[in-house]
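Q: The numbering of the sequence shown is our numbering, which starts it at 40 and goes up by one.
First, the structure itself, so that you have it in front of you.
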Amino acid sequence: MMQVPLDQLAESESRYAALEQIPVRDTFPGLAEEIVPADVPASVVAGNILGADENMQRRKQMLATVKQEPVDFAFERAIGKNDSVYSNFVELISQAKQRVGRIAIKQGNRNVAFATGFMVSYNLLLTNWHVFKTKASVADSEVQFFYELDIHGSPGSAVSFALDADRFYYASKELDYCLVAVSPADTTGTRSINDIGYLFLDPALGKLGNEEEEALNIIHHPNGDYKQLSLRENLFIKIAPTSIWYKTDTAPGSSGSPVFNDQWQVVALHHMGVGQKNAAGDYIDKDGKVIPLVNGAIDASRVVWIANEGIRVSVILKDIALNFPDEPLVKDLSSPKQTTLTAQEKLPAKENTTPSLTPKTPAMETNNPAANVNISFPASLIERNGMINIHISQGTGTAPVTPRRRQNRPPRKPISKRSKSWSRKPISPHAKAISPPSWAAGSISPCRNPKRR
């Protein structure tokens, strides 16, 4: 159960109420105190809002820089005039989702809550402050990548990495973010964190266009479930000095998820927002039941969000650099080509995980290693024979019979009629049954007490 402090929710709602009064992004100065979280340094807040015209110029420059599709085509989509995407959109999703993991918050070996987090360098994971409020709260927690369904609808093989708060940990309550180090190798010691990769946090402005026009995408593990994607149904509605607001179909319990634009650049860290209340002012779940208040917090997984707030990545980068100006792991965040690789470089080779497009049958158990059959043979066999035939069947557990190889030998002499004949004289019902000799099998039906003539 992921608890969200009530005071954070109240502050978020207050910011949203103030933002609703602002028609365009140019009119922020008079309301700055109402829309900026308390105790955020002025240097982190300053210069984060561009005028509408300048922002659209930056947006077009950004589209030209990423070079994923024709600029004019992408720009039309950014201003809400085109819903089509090129097919490389699928590959970009595949690449991005690999870097997003399910956080299992543990006490010993027991899972007590779940959240989402994502790699932002080869060493650091980004999630929310309300997920890990203190260094000690990280404890035995893990991040699990590939916790998702395969093309047959079966659970894939997740890869778990322990979190290493002793190597690095920092969290900001005001901006609700947490950066924590990840162990170099997974819990089995066979996979490197380098294999996962990371999502680069671009500090530049211009990653989003106008409000009420541009769509957003979110990858998340709602309530600890298998990985889900909320694609292009998340409308960007407001921008503030430290956050953006969007209407989304994000399910409850998605704390710590990355929010993307259509170019799959991370624009924000999913945070919280405005929750649905009843007439008495109590937070209610989807069934209209009041969510109980426990120690000044409520269960975030039950909240029905009316609007969502995400902390801008450019603001997170400013804040973390201000607090750790000389930390190499922090400097890596803004230097994607110079990232310090501290994870182990050489690990045992991974098996081929290329998915099969064969329709799944009930007899197939893709998530059961014991049910898989691995076949290997020298390539020279194909070169020599040109073709190899492999027959696999569901047997009874007995060893297969290998047919004898034919040899060049003279044919057997035909068996005489007399030797194949059997007596059919009446016999006692108590007589013992005897099978015919093996050489006579298949010639005639065996009878009891055979006697040669």
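Glycine included, each C-beta is placed from N, C-alpha and C at the ideal position.
The structure displayed is predicted, hence computed values, not measured ones.
(1) With which residues is Lys-286 paired in a DSSP beta bridge?
(2) Looking only at C-alpha atoms, which of Asp-46, Val-43, Gly-86 and Leu-45 sits nearest to Thr-281?
(3) Whole beta strand (DSSP E) runs in the stretch 133-161 with 3 or more residues, listed along the chain?
(4) Kindly indicate which three-state DSSP category Leu-202 falls into: helix, strand or coil?
(5) Considering only C-alpha positions, which residue in the set Ile-142, Glu-187, Leu-240 and Ala-204 is nearest to Leu-268?
(6) Go ahead and label Arg-54 buried or exposed: buried means 16 or more other beta carbons lie within 10 angstroms of its beta carbon, across all protein chains shown.
(7) Going by other Cβ atoms of all chains shown within 10 Å of its Cβ, with 16 needed for buried, is Ser-294 buried or exposed?
(8) Taking the runs of the alpha helix (DSSP H) that are 4 residues or longer, which of them lie wholly in the stretch 308-362?
(9) Do Leu-247 and Phe-275 have their C-beta atoms within less than 8 Å of each other?
(10) Below 8 Å on the Cβ atoms is my contact criterion, and I expect Gly-245 with Asn-121 to pass it. Report the Cβ-Cβ distance as a whole number of Å.
(11) Assign Gln-47 to one of three DSSP states: helix, strand, or coil.
(12) If I follow the unbroken alpha helix (DSSP H) through Pro-367, where does it start and stop?
(13) Enumerate in chain order the residues of its own chain whose CB-to-CB distance from Ala-318 is below 7 Å, with the five nearest sequence positions on each side excluded.
(14) By Cβ distance below 6 Å, which residues in the same chain neighbour Asp-203 in space, the five residues on each side in sequence not counted?
(15) State the CB to CB distance for the pair Glu-50 and Pro-76, rounded to an integer number of angstroms; the pair is presumed to be in contact (CB under 8 Å).
(16) Under 8 Å between the Cβ atoms of Thr-297 and Leu-368?
(17) Enumerated in chain order, which unbroken segments of the alpha helix (DSSP H) with a length of 4 residues or greater are wholly contained in the stretch 180-263?
(18) By Cβ distance below 8 Å, which residues in the same chain neighbour Gly-335 in space, the five residues on each side in sequence not counted?
(19) Could you pull the DSSP bridge partners for Val-298 from this structure?
(20) Between Asp-205, Gln-183 and Asn-300, which lies nearest to Gly-156 when the distance is taken from Cα to Cα?
(21) What's the call for Lys-325, buried or exposed, on a 16-neighbour Cβ count within 10 Å?
(22) DSSP three-state label for Thr-104, please.
(23) Among Ile-258, Met-41, Thr-173 and Val-177, whose alpha-carbon lies nearest the alpha-carbon of Ile-132?
(24) Assuming Val-84 is part of the alpha helix (DSSP H), what are its boundary residues?
(25) Using the Cα positions of Ala-103 and Ser-176, report the straight-line distance between them to the nearest angstrom.
(26) Taking the continuous beta strand (DSSP E) assigned at Leu-165, which residues delimit it?
(27) Spatial neighbours of Val-333 within its chain, please: C-beta separation below 6 Å, excluding the five flanking residues on both sides.
(28) List the endpoints of the continuous alpha helix (DSSP H) containing Val-124.
(29) Provide the residue(s) that pair with Leu-268 in DSSP beta bridges, ordered along the chain.
(30) Tell me whether Gln-96 sits in a helix, a strand or coil according to DSSP, three-state version.
(31) Tell me whether Lys-328 is buried or exposed, calling it buried when 16 or more other Cβ atoms sit within 10 Å of its Cβ.
(32) In angstroms, rounded to a whole number, what distance separates the CA positions of His-309 and Asp-241?
A: Quick look at the numbers:
(1) Against the sequence shown, residue 286 aligns to sequence position 247. Lys-286 pairs with Leu-274.
(2) Here residue 281 corresponds to residue number 242 of the sequence shown, with the count starting at 1. Just measuring C-alpha positions, the residue of Asp-46, Val-43, Gly-86 and Leu-45 sitting nearest Thr-281 is Gly-86.
(3) If only uninterrupted beta strand (DSSP E) runs of at least 3 residues are considered, those enclosed by the stretch 133-161 are 139-146 and 149-158.
(4) For the purposes of this step, residue 202 is taken as residue 163 along the sequence shown, with counting starting at 1. Per DSSP, reduced to three states, the secondary structure at Leu-202 is strand.
(5) On the sequence shown, residue 268 is found 229 positions in, with the first residue counted as 1. Just measuring C-alpha positions, the residue of Ile-142, Glu-187, Leu-240 and Ala-204 sitting nearest Leu-268 is Glu-187.
(6) Taking the sequence shown and counting its residues from 1, one reaches residue 54 at position 15. Counting the other CB atoms within 10 Å of its CB gives Arg-54 a total of 16 or more, which places it among the buried residues.
(7) Looking up residue 294 in the sequence shown gives position 255. With 16 or more other Cβ atoms from the protein chains shown falling within 10 Å of its own Cβ, Ser-294 counts as buried.
(8) For the stretch 308-362, the full-length alpha helix (DSSP H) segments reaching 4 residues or more read 352-362 along the chain.
(9) Reading the sequence shown from its first residue, position 208 is the one you call residue 247. Reading the sequence shown from its first residue, position 236 is the one you call residue 275. Yes, Cβ-Cβ distance for Leu-247 and Phe-275 is below 8 Å.
(10) As a position in the sequence shown, residue 245 is number 206, starting the count at 1. As a position in the sequence shown, residue 121 is number 82, starting the count at 1. Wrong, their Cβ atoms sit about 19 Å apart, outside the cutoff.
(11) In the sequence shown, counting from the first residue as 1, residue 47 sits at position 8. Of the three classes helix, strand and coil, the one that applies to Gln-47 here is helix, per DSSP.
(12) Numbered from its first residue, the sequence shown carries residue 367 at position 328. Residues 367-370.
(13) Translated into the one-based positions of the sequence shown, residue 318 becomes position 279. Excluding residues within five positions, none has a Cβ falling inside 7 Å.
(14) Position 164 of the sequence shown holds residue 203. Within the same chain, Asp-203 has close Cβ partners Ala-220 and Ser-222.
(15) Within the sequence shown, residue 50 is the residue found at index 11, counting from 1. Within the sequence shown, residue 76 is the residue found at index 37, counting from 1. Right, the Cβ-Cβ distance comes to about 6 Å (below 8 Å), so this counts as a contact.
(16) In the sequence shown, counting from the first residue as 1, residue 297 sits at position 258. In the sequence shown, counting from the first residue as 1, residue 368 sits at position 329. According to the sequence as given, residue 297 is Pro; it is not Thr. Contact flag unset, no.
(17) Runs of the alpha helix (DSSP H) inside the stretch 180-263: none found.
(18) Stepping through the sequence shown from its first residue, residue 335 is reached at position 296. Around Gly-335: Pro-44, Leu-45 and Asp-46.
(19) Taking the first residue of the sequence shown as position 1, residue 298 is located at position 259. According to DSSP, Val-298 bridges with Ile-257 and Ala-307.
(20) Mapped onto the sequence shown, residue 156 falls at position 117. It is Gln-183 whose Cα lies nearest to the Cα of Gly-156.
(21) Sequence index remark: in the sequence shown, residue 325 carries index 286 (1-based). Lys-325 should be labelled exposed.
(22) Taking the sequence shown and counting its residues from 1, the one referred to as residue 104 is at position 65. For Thr-104, the secondary structure class from DSSP, reduced to helix, strand or coil, is helix.
(23) The residue given as residue 132 occupies position 93 in the sequence shown. In terms of CA proximity to Ile-132, Ile-258 leads the group Ile-258, Met-41, Thr-173 and Val-177.
(24) By 1-based counting over the sequence shown, the position of residue 84 is 45. Start and end: 81-84.
(25) Locating residue 103 in the sequence shown gives position 64, counting from the first residue. Locating residue 176 in the sequence shown gives position 137, counting from the first residue. For the pair Ala-103 and Ser-176, the Cα-to-Cα distance works out to about 43 Å.
(26) Along the sequence shown, read from residue 1 onward, the residue named residue 165 stands at position 126. The continuous beta strand (DSSP E) containing Leu-165 extends over residues 163-166.
(27) As a first step, residue 333 is located in the sequence shown; it is residue number 294 there, counting from the start. Hits under 6 Å: none found.
(28) If you number the sequence shown from 1, residue 124 lands on position 85. Unbroken run through Val-124: none, as it is neither H nor E.
(29) Counting from one through the sequence shown, the residue named residue 268 turns up at place 229. In the DSSP output, where bridge partners are listed per residue, Leu-268 has Ile-258.
(30) Here residue 96 refers to the residue found at position 57 when the sequence shown is read from its first residue. In the three-state reduction of the DSSP assignment, Gln-96 falls in the helix class.
(31) Residue 328 sits at position 289 when you count from the first residue of the sequence shown. Lys-328 comes out exposed.
(32) Working through the sequence shown from its first residue, we reach residue 309 at position 270. Working through the sequence shown from its first residue, we reach residue 241 at position 202. Annotation: His-309 to Asp-241 spans about 16 Å, alpha carbon to alpha carbon.
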